[in-house]
Amino acid sequence: MPNARTHAKGQHHSNYPSQQHPHSHQQQQQQQQQHDPHPVILVTAAYDHVIRFWDATNTTCLRTIQHPDAQVNKLCISPDEQYLAAASNPHVRLYDINSGHPNPVVSFKGHTSNVTAVAFHCEGKWMVTASEDHTVKIWDIRCPDAQRIFDHKAPVNDVVIHPNQGELISCDQNGSIKLWDIGESSCTRELVPEEDIPVRSVTVANDGSSLIAANNTGNCYVWKMTHNRDFTDFQPITKFAAHEKYITKCVLSPDVKHLATCSADSTVKIWKTDNYSFELETTLVGHQRWVWDCAFSADSEYLVTASSDNTARLWNLSSGETVKHYKGHQKACVCVALNDFSM
1 MPNARTHAKG QHHSNYPSQQ HPHSHQQQQQ QQQQHDPHPV ILVTAAYDHV IRFWDATNTT
61 CLRTIQHPDA QVNKLCISPD EQYLAAASNP HVRLYDINSG HPNPVVSFKG HTSNVTAVAF
121 HCEGKWMVTA SEDHTVKIWD IRCPDAQRIF DHKAPVNDVV IHPNQGELIS CDQNGSIKLW
181 DIGESSCTRE LVPEEDIPVR SVTVANDGSS LIAANNTGNC YVWKMTHNRD FTDFQPITKF
241 AAHEKYITKC VLSPDVKHLA TCSADSTVKI WKTDNYSFEL ETTLVGHQRW VWDCAFSADS
301 EYLVTASSDN TARLWNLSSG ETVKHYKGHQ KACVCVALND FSM
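Position one of the sequence shown corresponds to residue 1 (UniProt numbering), numbered consecutively onward.
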């Protein structure tokens, strides 16, 4: 299996799970955790109401969690690799990754419609969610009640946490992108790239240098971000047509050198970000239907994708080829989470 974990200081480390002898799934998982304190955690969810944990090396499904009452829309792994957050309709459930117990440790109730996004604070103390009920909410992971509620005034499609951990950036079905000051509980900036065209996804560079938004017409918008005293300033940089069809997800790589865009056209495109050029680097072709979600490896050299063809794939970005194919879901695979960061 290719290396796909990077230490905090950029040192490469071969720590995808090695090929194992045939044991039970539970024994495999226990052995993996005993030998690797920071295992690669790869999780997918689908319309079949099943969450699957995978051995990233040999594509074996190690564990499943049944989610019968609602489909899972988004998955997120906590930075300490202890919890998996599963966003559905209308709940968000937190599962203990290491216990193997099928029941959630906490169920967060308060949204009244589909939860479309979830993200953890950098230290895992709180998380943020977005919903079609027009709200963005912040939750203490120890408490089932929302700590802060932001009214978006439209169905919210995505939300991300600014690297400064003090601001949120969200986007909605009316075409708005909003910047929220968490401390002030207020919207401090609104961007509208195309009037009445839903913004589907937003992504922020790890260094806080840029914001990228993707919409339903296949366009991507790029802003340079600077922090001036008490506010964040947005300077429009460029707009480019990434796909001819609906974009479902856009994600900047951890090293901020690549942008991935997933689309209804069944492809994923990788774009160069240096000097804000956004030249097409490669097109990943192999999925047979819509590609809904993606996640970069820690070293930015690999990408995992989830598709309506019921599968997930691991791609080598230098070659543009599929190196692993994860099969097992019975219906459309719509979200994926990957954590191979060393703590």
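We put the CB at the ideal spot given by N, CA and C, even for glycine.
Note that the structure is predicted; figures quoted are calculated from it, not measured.
Rounded C-alpha distance that separates residue i from residue j
i       : j       : result
His-227 : Asp-207 : 12 Å
Ser-209 : His-134 : 28 Å
Cys-333 : Arg-229 : 43 Å
Leu-75  : Thr-44  : 8 Å
Asn-215 : Ile-169 : 15 Å
Pro-144 : Pro-90  : 13 Å
Ala-213 : Asn-219 : 8 Å
Ser-99  : Val-192 : 44 Å
Val-204 : Pro-163 : 8 Å
Phe-116 : Asp-172 : Contrary to the premise, residue 116 reads as Thr rather than Phe in this sequence. Rounded to the nearest angstrom, the two C-alpha atoms are 10 Å apart.
Ser-308 : Gly-124 : 30 Å
Cys-335 : Ala-130 : 15 Å
Ala-146 : Asp-293 : 26 Å
Tyr-302 : Glu-195 : 35 Å
Asp-340 : Glu-132 : 30 Å
His-329 : Asp-233 : 43 Å
Met-225 : Trp-139 : 26 Å
Exposure label - residue i; buried when at least 16 CB within 10 Å
i       : result
Phe-231 : exposed
Ser-186 : exposed
Gly-183 : exposed
Lys-269 : buried
Cys-122 : exposed
Arg-142 : exposed
His-238 : The question names His, but residue 238 is Thr in the sequence shown. It counts as exposed.
Leu-280 : exposed
Gln-165 : exposed
Lys-331 : exposed
Lys-109 : exposed
Pro-236 : exposed
Asp-265 : buried
Asp-151 : exposed
Val-323 : exposed
Asp-299 : buried
Gln-19  : Note that Gln-19 scores 32 on pLDDT, short of 50, meaning its location in the model is unreliable and no value can be drawn from it.
Glu-321 : exposed
Val-118 : buried
Asp-55  : buried
Among the options, the one whose alpha carbon lies nearest that of residue i
i       : options                            : result
Asn-275 : Val-291, Ala-264, Lys-257          : Lys-257
Ser-88  : Cys-262, Asp-309, Ser-107          : Ser-107
Val-159 : Lys-125, Ile-77, Ser-201           : Ser-201
Thr-283 : Trp-292, Asp-293, Leu-317          : Leu-317
Lys-245 : Ala-70, Thr-64, Thr-267            : Thr-267
Asn-103 : Asp-299, Val-50, Thr-112, Asn-114  : Val-50
Cys-61  : Thr-311, Cys-262, Trp-315, Lys-109 : Thr-311
Ser-113 : Phe-120, Ala-264, Thr-188, Lys-137 : Lys-137
Leu-84  : Leu-259, Arg-52, Lys-224           : Arg-52
Val-128 : Lys-331, Leu-94, Ile-197, Val-105  : Leu-94
Thr-217 : Leu-211, Ala-241, Trp-223          : Ala-241
Ile-197 : Asp-181, Lys-178, Trp-180, Asn-174 : Asn-174
Thr-57  : Ser-319, His-67, Trp-315           : Trp-315
Trp-271 : Gln-288, Val-222, Ile-97           : Val-222
Pro-254 : Ala-70, Lys-153, Trp-126, Ser-297  : Ser-297
Rounded Cβ spacing between residue i and residue j (contact assumed at less than 8 Å)
i           : j       : result
Leu-252     : Ala-295 : Contact doesn't hold; Cβ gap of about 12 Å is too wide.
Ile-41      : Ile-65  : Not really, about 13 Å apart at Cβ, beyond 8 Å.
residue 368 : Glu-167 : Missing from the structure shown is residue 368; the chain here goes from 1 to 343 and no further.
Asn-157     : Val-92  : With a Cβ gap of about 16 Å, Asn-157 and Val-92 do not count as contacting.
DSSP beta-bridge partners of residue i
i       : result
Tyr-276 : Partner(s): none; Tyr-276 has no beta bridge.
Trp-54  : Leu-42, Cys-61
Val-156 : Asp-172
Asn-89  : The partner list for Asn-89 (beta bridge, DSSP) is empty, contrary to what the question assumes.
Arg-148 : Ile-138
Met-289 : Looking at the sequence provided, one finds Arg at residue 289 rather than Met. Bridge partners of Arg-289: none, in fact.
Cys-76  : Ala-85
Residue i CB to nearest heavy atom of the ligand HEM below 8 Å
i       : result
Thr-203 : Absence of the ligand HEM is noted for the structure shown, with no ligands found whatsoever.
Cβ of residue i within 9 Å of any chain C Cβ
i       : result
Ser-201 : Protein chains in the displayed structure number just one, and chain C is not present.
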